[in-house]
Structures are given as structure tokens and as C-alpha cells.
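Novice: Protein sequence lines, in the order shown, are assigned to chains A and B. The UniProt record's numbering puts the last residue of the first sequence at 148; the count rises by one with no breaks. The UniProt record's numbering puts the last residue of the second sequence at 148; the count rises by one with no breaks. Where is the CB? At the ideal position from N, CA and C, for every residue including glycine.
Protein chains: 2
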Amino acid sequence: MADVNADFQYGPGARHEDYELDAEQCWSLLGSSGVGRFAFVHEGRVAVYPVGYLVYGGAVHFRTSPDGTVVNSLPQDGVALQVDAMQPSVQAGWSVLVSGRAEVVEDAHELTTLFGQMVDEPWAGGVRDAFVRVRPERLSGRRVYLAQ
Amino acid sequence: MADVNADFQYGPGARHEDYELDAEQCWSLLGSSGVGRFAFVHEGRVAVYPVGYLVYGGAVHFRTSPDGTVVNSLPQDGVALQVDAMQPSVQAGWSVLVSGRAEVVEDAHELTTLFGQMVDEPWAGGVRDAFVRVRPERLSGRRVYLAQ
Numbered sequence: 001m002a003d004v005n006a007d008f009q010y011g012p013g014a015r016h017e018d019y020e021l022d023a024e025q026c027w028s029l030l031g032s033s034g035v036g037r038f039a040f041v042h043e044g045r046v047a048v049y050p051v052g053y054l055v056y057g058g059a060v061h062f063r064t065s066p067d068g069t070v071v072n073s074l075p076q077d078g079v080a081l082q083v084d085a086m087q088p089s090v091q092a093g094w095s096v097l098v099s100g101r102a103e104v105v106e107d108a109h110e111l112t113t114l115f116g117q118m119v120d121e122p123w124a125g126g127v128r129d130a131f132v133r134v135r136p137e138r139l140s141g142r143r144v145y146l147a148q
Numbered sequence: 001m002a003d004v005n006a007d008f009q010y011g012p013g014a015r016h017e018d019y020e021l022d023a024e025q026c027w028s029l030l031g032s033s034g035v036g037r038f039a040f041v042h043e044g045r046v047a048v049y050p051v052g053y054l055v056y057g058g059a060v061h062f063r064t065s066p067d068g069t070v071v072n073s074l075p076q077d078g079v080a081l082q083v084d085a086m087q088p089s090v091q092a093g094w095s096v097l098v099s100g101r102a103e104v105v106e107d108a109h110e111l112t113t114l115f116g117q118m119v120d121e122p123w124a125g126g127v128r129d130a131f132v133r134v135r136p137e138r139l140s141g142r143r144v145y146l147a148q
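What follows is the structure in C-alpha cells.
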């Protein structure tokens, strides 16, 4: 860790530090799969729903209902897949934001590959066999922590 | 728990169940404070950032930088404050979404009250003394679990 005291200044939140993550760090934290949140615009409002995601072919994918709110809002530009991890006991955490275009995967060969890669069923009930792909156009992340 | 097998059907995700939460359950899960995610539109893209929030006076509040992306995007209608909790080991979790208008709190008396209620400093560094209020217009939530 760098010498965080070098930048120490008095004032609100002065002991709290944060730094930007580069693309490599963001991909590393996303891993190959996990649980994140898909954020998009539906009927003029931002909606945010947890999803189990799969990173494959440089894009983020998740399964959802073929006739639900998500699919009915696609394709859509400028949506987000957000993933974070929090450690409340030490007031630390990180957050990664994948921003880009989301669309339903239609190609049969690609669907077969995705179903083969996906380990877990979606946690929610009902038929959720539509695959959504988010192609990253911007990738950003930040780590925050309480400097001692 | 209700007899989940009554609705059992074969097919993808058939053992996974979910149900909607009512407003009382949503407020109960939000509690008086916690860590959630603020989702809004900035330059045509959905942005999602973790925030420590405070529920007060029927609205959700959080602190942020007075000259950052969030404040520069306000006031804004149809934004979201999302909170969830996950139990990956049992593929269960819940998610609550507060949807409404977000604006910077300007009233001095209200600011004094909010600073008095806020327990934790923001985890990120820098001056973050602008209070944002999200007035709930819609409140929704869902619980998901793996039926045995």
C-alpha cells in the first residue's frame, strides 16, 4: 500500500481513501462468474435487479425471463452491470461497473455454448432461459478503505 | 413457509421460487441505515455507485461529493436506490428497489438533522458533505430462494 498519509488532509472523510481500478483489476474482480446487478431504464425509470452473471468472450451474460421487464426493454444502450463486495467491519469495499449495450442472444450456437458455461440456475423461479449479453464499452471501478 | 410443492412444475429453474415483497417488508429490510447502490443516468448511461444510506422522514438519503458526477446529474426523476442481501451457499437472497426523484438537500435545518442522524462517514475519501435525498414514489422488492 502506498503512503496514504502523504495526502492526509483535515476535513470530513479525511481518513477515508479511495482509488480507481484499471481495466485489468476490474476484469480480475469480475472473475468468470458471480452475482451482480443489471441496471437499465424501463418506462422512464432506472431499474436494478440482481443477476447471476457469466463472463465469456469479453462480454457479460445472464439469464432472465424471455417475457419479463428486462427482455422487453432490450436492446438498450448505456445499461450497466455492477458488481461489488463490501466489508462493513472495516468500512472497505470495491465496486466495478460494466457499461455498454445489452441485447438478447439469438444465435443458436452461441446459446449452446453459454448454457454449457453457466454453472448455476438463476435463483429466481420460473422459466429464465433467455440469455442477455452486455458488451462492455466502458469499464470502471473503485476501491475504498479506511486508512489507519 | 407455504407448501411450495403445490406449484411445482418441471422445467428450467423449477425448484427455484420467488415472491414479491410488500411495502412494509421493503421498509423493514431497508432498516434505518445500510449500504445500498444509487443508480441514475449520467450522459446517457446508467451509472451505479455504492452509498451508505440513511432512512429518515420517509425518504432515503446519502452523502456524496458536492462537485461529483452524482450531484452534477441532479435533480433527476426516476432514479433508484437498490439494496440487497445474498446467501450464495443456499442460492437465496432479497432485493429492494426505491424509485423516485433525487435532489440535493439545501435546507439548513434539514441538513443539521441529517448530519446528526448519520452514524458513519462515507467510506470513500475526499469531502462528501452534500446530502442527496431520494423521495420514494415506487417501492418494490423480491425474495428468491431454492425450495427443498
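(1) Is any beta-carbon of chain B found at less than 7 Å from that of A/Ser65?
(2) On the criterion of 16 or more Cβ atoms from any shown chain inside 10 Å, does B/Glu17 qualify as buried, or is it exposed?
(3) Could you list which residues in chain A have their beta carbon closer than 8 Å to that of B/Trp123, in chain order?
(4) Can you give the Cα-Cα distance for B/Met86 and A/Asp22, rounded to whole angstroms?
(5) To the nearest angstrom, how far is it from the Cα of residue 157 of chain A to the Cα of A/Gln91?
(6) Output needed for B/Glu20: all residues of its chain with C-beta closer than 8 Å, excluding positions within five of it in sequence on either side, in chain order.
(7) Got a sec: is the Cβ-Cβ distance from A/Val71 to anything in chain B below 7 Å?
(8) Could you work out which residues of chain B lie near A/Gly44, taking near to mean beta carbons separated by less than 9 Å?
(9) Hey, which unbroken runs of the beta strand (DSSP E) at 3 residues or more fall wholly within the stretch 22 to 71 of chain B?
(10) Select from A/Arg135, A/Gly126, A/Gly78, A/Val144 the residue whose C-alpha is nearest the C-alpha of B/Arg15.
(11) Quick check: the stretch 52 to 69 of chain A against the stretch 66 to 77 of chain B, are at least 3 beta-carbon pairs closer than 8 Å?
(12) Tell me the rounded alpha-carbon separation between A/Val83 and B/His42.
(13) Closest Cβ-Cβ distance between B/Ala130 and chain A: below 7 Å?
(14) Compute the beta-carbon to beta-carbon distance between A/Pro136 and A/Gly52, rounded to the nearest angstrom, for a pair I have assumed lies under 8 Å.
(15) For a contact defined as C-beta to C-beta under 9 Å, what are the partners of B/Met86 on chain A?
(16) Thinking C-alpha only, which one of B/Arg133, B/Gly93, B/Asp120, B/Ser65 is nearest B/Asp107?
(17) Can you tell me where the alpha helix (DSSP H) holding A/Glu121 begins and where it ends?
(18) In this structure, how does DSSP classify A/Val105 when only helix, strand and coil are distinguished?
(19) Is DSSP giving B/Leu74 helix, strand or coil here?
Specialist: By the coordinates alone:
(1) Not an interface residue.
(2) buried
(3) His16, Asp18, Gln91, Ala92, Gly93, Val144, Tyr145, Leu146
(4) 27 Å
(5) Past the boundaries of the shown model lies residue 157 of chain A; chain A is included only from 1 to 148, so the question cannot be answered.
(6) Ser140, Gly141, Arg142
(7) no
(8) Within 9 Å Cβ-Cβ: Asp77, Gly78.
(9) 33 to 42, 45 to 56, 59 to 64
(10) A/Gly126
(11) No, the stretch 66 to 77 of chain B does not touch the stretch 52 to 69 of chain A.
(12) 18 Å
(13) Closer than 7 Å: no.
(14) Not a contact, Cβ separation roughly 18 Å.
(15) Val35, Pro50, Trp123
(16) B/Arg133
(17) No alpha helix (DSSP H) holds A/Glu121; DSSP gives it neither H nor E.
(18) It is coil, neither helix nor strand.
(19) coil
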